[in-house]
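Some notes on the structure that comes next.
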Amino acid sequence: MLHRVARVTGLLVVVMSLAAPLARAQTAAPAPSPEALAVARELVTTIHMMDQFKALMPAIMKSMKPAIVQGRSDVDHDYDTLTPMLLAGFQARFNELSEAVAIIYASNFTPDELRGLITFYKTPVGQKFLQKSPIVTQQSLLAGQKFGQSVAAEMRQRIIEELRKKGHDL
1323 MLHRVARVTG LLVVVMSLAA PLARAQTAAP APSPEALAVA RELVTTIHMM
1373 DQFKALMPAI MKSMKPAIVQ GRSDVDHDYD TLTPMLLAGF QARFNELSEA
1423 VAIIYASNFT PDELRGLITF YKTPVGQKFL QKSPIVTQQS LLAGQKFGQS
1473 VAAEMRQRII EELRKKGHDL
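Going by the working numbering, the sequence shown opens with residue 1323, and the numbers climb by one from there.
Set out below in structure tokens:
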């Protein structure tokens, strides 16, 4: 259990250290224009972004479960009982997320580019893309998780082998 906590903590440290320069760069960006922000909000609505997040939340909760439950049946039951309440609480805050995503789009695209995206998403191909996005995203997250686990195990083994070659007793 301690090994798993250390591994998760280590992963969080790596992710946070990689994200820090991005966060600094993001805060340095000028505020988007009111026009860009208005069109970005329309895009977020058009692409049903919050519906996509709502569809992803159960998968995210499910993927977190093994690390939290760690094979304890009592925690497993309570986790399952708490999940609907927690999901409802997170969904109540989706307006915050919607606004944050609109700001991101408005900061990275011009109003005309955003309008072009809206036009695309209203086409049949755009609608199909939106319809399939939640399942594609879920499948991609699972594939990424499996890939990350296999790469992490391989990396760990290779590092140990290389350190042993250098005379370290591991």
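Just so it is clear, CB atoms sit at the ideal spot from N, CA and C, and this is done for glycine as well.
Whole-angstrom distance between residue j and residue i, CA atom to CA atom
i: M1477; j: A1414; result: 40 Å
i: Q1461; j: G1470; result: 14 Å
i: I1426; j: M1386; result: 26 Å
i: R1444; j: K1454; result: Before going on, a small fix: residue 1444 reads as Lys here, not Arg. Cα to Cα, the separation comes out at about 14 Å.
i: Q1392; j: E1435; result: 46 Å
i: L1324; j: P1356; result: Here the model assigns L1324 a pLDDT of 38, short of 50, so the residue's position is not dependable and the matter cannot be decided.
i: I1482; j: Y1401; result: 36 Å
i: D1448; j: T1441; result: The residue asked about is misnamed: residue 1448 is Gly in this sequence, not Asp. Rounded to the nearest angstrom, the two C-alpha atoms are 9 Å apart.
i: L1283; j: E1418; result: Beyond the ends of the chain as shown, which are 1323 and 1492, falls residue 1283; an answer cannot be given.
i: H1399; j: P1352; result: 47 Å
Proximity test, residue i beta-carbon vs the ligand ADP heavy atom, cut-off 6 Å
i: I1457; result: Summarising the ligand content, the structure contains no ligands, and the ligand ADP is consequently not present.
Burial state of residue i, where buried means 16 or more other Cβ atoms lie within 10 Å
i: M1371; result: buried
i: V1397; result: exposed
i: H1490; result: exposed
i: L1439; result: buried
i: P1388; result: exposed
CB contact flag (residue i, residue j, <7 Å)
i: L1463; j: I1369; result: no
i: V1366; j: P1433; result: no
i: A1428; j: L1359; result: yes
i: R1363; j: A1422; result: no
i: A1377; j: P1456; result: yes
i: T1405; j: M1379; result: no
Residue span of the alpha helix (DSSP H) that contains residue i, given as start and end
i: G1411; result: 1395 to 1413
i: D1434; result: 1433 to 1443
i: P1388; result: 1371 to 1391
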